[in-house]
Amino acid sequence: MSIEDFKRMIAPFHRMIRMSISRGVIKKVNDDPKMQEMQVKMLKDEVYSDLERFCEYGFTSVPLDKAEAIVVCIGGNRDHSVIIKTDDRRYRLKSLEGGEVALYTDEGDKIHFKRNKIIEIYSGNKLEENIE
908 MSIEDFKRMI APFHRMIRMS ISRGVIKKVN DDPKMQEMQV KMLKDEVYSD LERFCEYGFT
968 SVPLDKAEAI VVCIGGNRDH SVIIKTDDRR YRLKSLEGGE VALYTDEGDK IHFKRNKIIE
1028 IYSGNKLEEN IE
């Protein structure tokens, strides 16, 4: 078997692996179903709708249009894709120290868990307390 024959033989597997993970830009979000669904544009003019988004248990958000997503295409099949990660570089908090954690919004509100057990809560409008 020549090297060219071998390349031809493994070409479908190579293509499947290359197409298994993609980067995309979020176009629309549907937060009504049990599993959030999104429309995502991946490669040039490649738009997929109703992709399920997996979030960590206990955490949820609704990303804005033009946020970014990491899409896993099960078995390399673009028609069977799920979103495993989203982020929005336009609003991400920067300059946190190692070990710090923050929750934030595009409007500038944040809860910042800082070093030395300090928690900073910031709201541009008002804080509400709801104790039952």
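Converting from the sequence shown to the numbering used here requires adding 907 to each position, the first position being numbered 1. The beta carbon of each residue, even a glycine, is placed where N, CA and C say it ideally should be. Values in this document were obtained by computation on a predicted structure and should not be read as measured data.
Residue i - partner residues in DSSP beta bridges
i: Gln946; result: Lys935
i: Arg930; result: Ile977
i: Lys992; result: Ile977
is_contact[residue i, chain C] using C-beta, thresh 7 Å
i: Val936; result: Going by chain labels, chain C is absent from the structure shown, which holds only one protein chain.
Inter-residue CB distance, residue i and residue j (contact presumed, cutoff 8 Å)
i: Phe966; j: Ile991; result: The pair is not a contact, with the Cβ atoms about 14 Å apart (cut-off 8 Å).
Among the options, the one whose alpha carbon lies nearest that of residue i
i: Asn1023; options: Leu958, Met923, Lys951 and Gly1005; result: Gly1005
i: Phe925; options: Pro940, Val978 and Glu1036; result: Residue identity differs from the one stated: residue 925 is Arg in this sequence, not Phe. Taking only the C-alpha atoms, the option nearest Arg925 is Val978.
i: Lys935; options: Lys941, Lys948 and Ile928; result: Lys948
i: Ser1002; options: Arg915, Val989, Lys1021 and Ser968; result: Lys1021
Nonlocal neighbours in the same chain, by C-beta distance under 6 Å from residue i, ignoring five residues either side
i: Leu1010; result: Ile1018
Cβ shell of residue i (< 7 Å), same chain only, five flanking positions each side left out
i: Ser974; result: Correcting the residue type first, residue 974 is Ala in the shown sequence and not Ser. For Ala974, where only same-chain residues beyond five positions count, the Cβ hits under 7 Å are Ile933, Thr993, Asp994 and Asp995.
8 Å CB neighbourhood of residue i in its chain, flanking five on each side removed
i: Asp1013; result: Leu971, Asp995, Arg997 and Tyr998
Discussion item. If contact is defined by three or more beta carbon pairs under 8 Å, each pair taking one atom from either stretch, is the region 1006-1013 in contact with the region 951-960?
Written reply: As far as the Cβ criterion goes, the region 951-960 does not touch the region 1006-1013, which means the pair count is below three.
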